[in-house]
Every structure is written in C-alpha cells, then in structure tokens.
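Student: Residue numbers (this note's numbering): 164 to 676.
In this text, a Cβ means the ideal position worked out from N, Cα and C, and glycines have one as well.
Computed from a predicted model, the values in this text were never measured in an experiment.
Before I ask anything, let me first share the structure, which is written out below as structure tokens.
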C-alpha cells in the first residue's frame with residue numbers, strides 16, 4: 164500500500180468514525196427529547212448535558228435544556244440557555260419565540276418584546292409570536308402597539324379567537340367601547356363557548372349603560388362555564404347597577420362560598436402568624452358572645468395551641484410573619500380553616516345608614532376645591548350603621564386573604580357583602596351627586612391589621628372615587644397620638660396597565676381595625 168492509498172483509507176475511517184459519533188449524539192438527543200416530553204426531567208437533563216459535552220453548540224440540546232429548566236421553575240437560568248440556542252441557530256424563529264415566553268413569564272417584558280419581534284422577523288406569519296407580543300405590550304401599558312400586534316395576527320388568521328378577544332380588551336382599555344364590543348362578538352361567533360369573551364362583552368355593555376344585555380352576557384358566560392367566578396361576581400355588580408341588591412348579594416354569597424367554604428386541606432406548609440392570631444382571637448370573641456355553637460372544638464384547640472406556639476418562639480423566628488406547620492398541625496386545621504363558619508347579620512336600616520347631620524354642600528365644595536380632589540368626613544355613618552358594621556367585621560369568619568405585612572382582608576366576593584354595605588354605597592351616591600356623579604359601586608373591601616406588624620404600604624387604589632371608612636373604636640387605640648388612616652394628597656400617576664376581566668373599583672371601601 165503506497166502513501167496515497169494509506170491517506171485515502173485513513174480519511175474513510177475518520178469519516179465513518181465521525182458519522183458514528185454524530186449518529187450516537189443524535190440518538191442521545193432524541194432520547195433526551197422523549198424523556199422531556201414524558202416528564203422524566205432528571206433523566207432528560209442528564210441526556211441533554213451529555214449531548215452538550217460532545218457538541219457544546221448543539222442548538223436543539225441548548226433549547227431543550229432551557230425549556231426544561233424553565234419547567235422546573237428556574238427562568239433566569241433557562242433564559243441563558245435559550246440565548247445560547249439562539250446564538251447557535253440565529254435563523255430559528257421557534258428559539259426566539261420560546262425565549263420570549265420565558266422572559267415574559269419572568270417579568271422581563273421589554274426583553275420579551277424584543278424576542279417576539281425577532282421571531283416575527285424570522286417568520287412573519289408566526290401567529291403565536293404576534294399574539295404574545297400583543298400580550299407583552301398590553302402588560303407594559305403600550306396599548307396602541309398591542310392593538311397593532313393583535314391586528315397583525317388577525318390579518319394572517321381572522322379566525323384566531325384569542326387575538327379577537329384580546330383585541331377587545333385593549334380597545335376597551337383605550338375607551339373605544341363599540342369597537343371592543345365588535346371584537347368580542349367576533350370572538351363569540353368563532354367560539355360560542357368562549358366564556359371570557361361573553362364576560363368581557365358584558366363589561367363593555369355595562370359601561371354603555373345597557374344593563375339588561377350585560378346581565379344576559381354574564382349569565383351566558385356562566386351557562387357555558389358553570390362556576391366561572393369572575394362572571395358571577397360581575398353579574399352581582401350588574402344587579403347592583405340595576406337596583407336589585409338581593410340578587411347581587413346572592414351572587415356574592417355564591418362566589419364567597421365557592422372560594423372559601425370548601426373545606427379542602429390547607430395549601431402549602433406555612434401560614435401567617437397574623438392569620439393564626441386573628442382567627443384564634445375571633446373564635447374567643449365568638450365564644451364570649453355565645454355565637455360559636457357550630458365551631459368544632461378540635462379546630463378551636465388547634466388554633467389556640469398554634470397561637471401559643473407562635474407567641475413562644477424566639478424573636479428571630481417571630482420576626483417573620485410566616486410560620487412553618489407540621490403535617491399534624493395542618494391536618495388539625497383542615498376541616499374548618501377553609502370554611503365560612505359564621506356570617507353575622509348586617510341588614511339594611513330603614514331610617515338610613517348615613518348620618519342625617521352631614522353638611523352635604525359644604526363637603527362637596529371642600530372636595531372639589533382640593534387638588535387632587537380629596538376630603539374627609541367625621542361622623543359619616545349613623546351610630547346604628549357603625550355598630551352593625553363593626554359587629555359584622557368582628558364576628559364574621561370571612562377574613563381569608565392574608566398579606567405578608569400582617570393584615571388580612573375580605574372583598575365583596577369573599578363574604579364582605581351585606582345589605583347594609585350596599586345600602587351605604589347607594590346612599591353615598593345619592594347624597595353626594597356632585598362627587599359620585601354616575602359612578603356606581605364595583606368593589607368594596609375591608610382590612611384588619613395586626614397592631615404588632617407593619618400593615619399596608621403606601622399605595623394608590625385604582626378608582627374614579629374611593630371611599631375609606633375607619634371604624635375602629637377610639638378606645639382600641641392605646642396611643643392617641645397615632646393610628647387611623649394616613650391619606651397622601653398626591654395623585655398617583657396612571658400606569659396604563661389594566662386587567663382584562665376584573666371590574667374597575669369606583670366606590671366603597673371599608674377598613675376595619
């Protein structure tokens with residue numbers, strides 16, 4: 164064999180060896196992808212990393228590993244691997260699209276927009292990239308750009324139901340109500356069972372004053388999706404606007420019982436100390452008031468034991484509001500923690516809920532003279548209304564929303580809905596027409612604060628008119644130099660970010676201490 168023949172043979176052997184290695188790598192990659200799809204993430208990750216040990220820029224392995232890490236809840240690490248995949252295969256629109264998805268879920272909206280736009284440049288007919296681009300723009304408050312993105316998707320496929328619905332959301336936020344209604348109707352025509360589109364159309368019709376049609380939309384949303392809590396809540400609001408509070412209260416009661424009266428086990432392994440403390444104290448109050456007849460004794464004992472345990476922990480542990488519970492503790496709480504054990508009566512007052520001594524013209528004048536428009540009123544409620552509202556807040560086991568700062572809350576759809584509360588909201592609108600104008604109640608809520616913790620941060624509530632009641636008795640404040648609400652006379656800049664299907668709050672907030 165001469166030198167030339169030997170060289171040819173060596174080349175052929177090297178080619179066969181390289182082909183075998185490439186085939187082995189491809190087989191390993193297919194195995195990783197199948198394991199990934201079947202949910203065997205540990206095994207899939209091992210195979211992806213073996214592929215990358217052999218071929219460090221293999222784009223499908225880089226992409227797959229990024230998606231796997233995202234699925235595991237590691238978005239930052241996932242983004243880094245997806246970026247490497249995009250560098251290795253810069254002409255692949257799928258990689259850019261998935262990078263955008265992970266960035267958007269991680270809250271990096273501006274970066275997600277860039278990724279979606281690059282995916283669209285690589286594939287102008289990429290529908291999901293266009294709709295997700297619209298969603299990211301909407302979250303950023305860039306509504307016109309969101310509109311353009313959705314319209315771009317619909318220019319490619321006019322039957323894209325979600326793009327039609329989301330276009331309606333953006334148009335509503337832009338104040339273009341009739342155009343929004345048309346978009347929702349197109350979505351419903353494409354998919355009559357689209358509950359969210361029925362609900363969203365109902366919200367537009369409410370703003371247009373077409374209440375009967377709005378009611379039918381919410382009812383249709385509930386027909387196609389029984390138990391749809393948002394539509395049930397909005398139906399309650401529509402009944403308020405129709406002047407039918409009993410029907411409204413029925414909706415809110417059903418919403419609250421679905422959310423908080425299910426008796427399912429406690430989720431997670433921690434609870435807030437402030438919640439345990441409140442619930443234990445409330446059960447003591449109910450027992451002292453002879454109102455705790457239906458509360459299981461085992462639940463009371465479990466709460467009292469946990470409160471004592473929390474009080475006895477070292478200061479460094481007690482500083483955190485979160486308390487780790489054992490499986491035994493969670494089991495003891497399970498039957499009653501997620502129950503509405505007692506709802507106190509809080510009926511209308513025929514003589515009126517607001518004080519008869521209010522100087523309405525002076526209050527309205529003071530409100531409009533301030534910039535921004537803000538005022539305070541002492542003695543807003545009648546004494547009977549105040550006492551009924553206090554008793555309801557003290558007694559009713561509706562306080563299911565926990566907050567890290569050590570306060571708890573309840574909203575209209577959580578059980579904080581009574582005939583008296585709706586009466587107060589309507590009387591405010593009627594007694595102060597120059598303040599409330601045509602605005603109607605769409606949300607009400609109450610908070611209780613743990614005096615040993617921080618409470619609410621400085622914040623601004625999104626509302627046309629926001630009413631706060633401070634109803635804590637004066638004798639409960641042990642430091643008369645402080646306490647109460649602190650109201651800042653500064654206008655909050657509107658972010659432009661809005662939610663697609665939740666109602667805008669317009670009046671009626673109560674704060675209980």
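Taking the beta strand (DSSP E) that residue 227 belongs to, which residues open and close that run?
Tutor: That residue, residue 227, is in no beta strand (DSSP E); its alpha helix (DSSP H) goes 222 to 234.
Student: Tell me the DSSP bridge mates of residue 571?
Tutor: Paired residue(s): 565, 611.
Student: Tell me the start and end of each unbroken beta strand (DSSP E) in the segment 366 to 447 that is at least 3 residues and wholly inside, in chain order.
Tutor: DSSP runs (the beta strand (DSSP E)) wholly in the segment 366 to 447: 433 to 435.
Student: Whole-angstrom Cβ separation of residue 590 and residue 517, contact assumed at under 8 Å?
Tutor: The Cβ separation is near 5 Å, so the contact holds.
Student: Which residues in the same chain have their Cβ closer than 6 Å to the Cβ of residue 232, if we skip the five residues on either side of it in sequence?
Tutor: Result list for residue 232: 240, 241, in chain order.
Student: Considering only residues of the same chain and omitting the five flanking positions on each side of residue 343, which have a CB-CB separation below 7 Å?
Tutor: Excluding sequence neighbours, residue 343 sits near 331, 334, 335, 367.
Student: Near residue 501, which residues of its chain fall below 6 Å by C-beta distance, leaving aside the five closest residues on each side in sequence?
Tutor: Hits under 6 Å: 425, 426, 427.
Student: If you count every other CB in all the chains shown that lies within 10 Å of the CB of residue 298, and 16 or more means buried, which is it?
Tutor: Residue 298 is buried by the Cβ-count criterion.
Student: What is the rounded straight-line gap between the Cα of residue 376 and the Cα of residue 365?
Tutor: Straight-line Cα distance between these residues: approximately 7 Å.
Student: Should residue 448 be labelled buried (16 or more other beta-carbon atoms within 10 Å of its own) or exposed?
Tutor: By the neighbour-count rule (16 or more Cβ atoms within 10 Å), residue 448 is not buried but exposed.
Student: Report yes or no: do three or more beta-carbon pairs, one from the segment 400 to 409 and one from the segment 443 to 459, lie closer than 8 Å?
Tutor: Too few Cβ pairs lie closer than 8 Å, so no.
Student: On the premise that residue 423 lies in contact with residue 503, defined as a C-beta separation below 8 Å, what is that separation, rounded to the nearest angstrom?
Tutor: Residue 503 to residue 423, Cβ: 6 Å. Contact.
Student: Tell me whether residue 485 sits in a helix, a strand or coil according to DSSP, three-state version.
Tutor: In the structure shown, residue 485 sits in a strand (DSSP, three-state: E or B).
Student: Please report the distance separating the alpha-carbon of residue 462 from that of residue 498.
Tutor: If I take the Cα positions, the gap works out to 8 Å.
Student: Any heavy atom of the ligand GTP closer than 8 Å to the Cβ of residue 532?
Tutor: For the ligand GTP, the structure offers nothing, since it holds no ligand at all.
Student: If you draw a straight line from the alpha carbon of residue 370 to that of residue 194, how long is it in whole angstroms?
Tutor: Distance between the alpha carbons of residue 370 and residue 194 is about 55 Å.
Student: So what's residue 631 in DSSP terms, helix, strand or just coil?
Tutor: In the structure shown, residue 631 sits in a strand (DSSP, three-state: E or B).
Student: Start and end of the alpha helix (DSSP H) containing residue 218?
Tutor: Taken as a continuous stretch (DSSP letters only), residue 218 belongs to no alpha helix (DSSP H), as it is neither H nor E.
Student: Report, in whole angstroms, the separation of the C-beta atoms of residue 486 and residue 439, which I expect to be a contact under 8 Å.
Tutor: Indeed they touch by this definition, with Cβ atoms about 7 Å apart.
Student: Return the chain-ordered list of same chain residues with a C-beta closer than 8 Å to the C-beta of residue 535, the five sequence neighbours on each side being excluded.
Tutor: Answer for residue 535: 652, 653, 654, listed in chain order.
Student: Within the continuous alpha helix (DSSP H) that includes residue 560, where are the two ends?
Tutor: Segment: none, residue 560 is in no alpha helix (DSSP H) and carries neither H nor E.
Student: Between the beta-carbon of residue 680 and the beta-carbon of residue 395, is there less than 9 Å?
Tutor: Nothing can be reported for residue 680: it is not among the residues displayed for the chain, which extend from 164 to 676.
Student: With respect to the alpha helix (DSSP H) encompassing residue 651, which residues constitute its N-terminal and C-terminal limits?
Tutor: That residue, residue 651, is in no alpha helix (DSSP H); it is neither H nor E in DSSP.
Student: Any chance you could list the alpha helix (DSSP H) runs of at least 4 consecutive residues sitting entirely within the segment 319 to 361, in chain order?
Tutor: Complete alpha helix (DSSP H) runs here, min 4: 324 to 336, 340 to 353.
Student: Is the separation between the beta-carbon of residue 214 and that of residue 192 shorter than 9 Å?
Tutor: Yes. Within cutoff.
Student: Quick check: residue 569 and residue 399, are their CB atoms within less than 9 Å of each other?
Tutor: Against a cut-off of 9 Å, the Cβ pair of residue 399 and residue 569 comes out as no contact.
Student: If you drop the 5 nearest sequence neighbours on each side, which residues of the same chain put their C-beta closer than 7 Å to that of residue 354?
Tutor: 324.
Student: Measure the alpha-carbon distance for residue 474 versus residue 237 and round it to whole angstroms.
Tutor: Roughly 36 Å between the two C-alpha positions.
Student: Around the C-beta of residue 205, are 16 or more other C-beta atoms found within 10 angstroms, so that it is buried, or is it exposed?
Tutor: Result: exposed.
Student: With a threshold of 16 other CB atoms inside 10 Å of the CB of residue 492, please say whether the residue is buried or exposed.
Tutor: With 16 or more other Cβ atoms within 10 Å, it is buried.
Student: Hey, would you say residue 507 sits closer than 9 Å to residue 555, going by beta carbons?
Tutor: Result yes, Cβ atoms of residue 507 and residue 555 sit closer than 9 Å.
Student: Considering only residues of the same chain and omitting the five flanking positions on each side of residue 414, which have a CB-CB separation below 6 Å?
Tutor: So the qualifying residues of the chain are 395, 398, 399.
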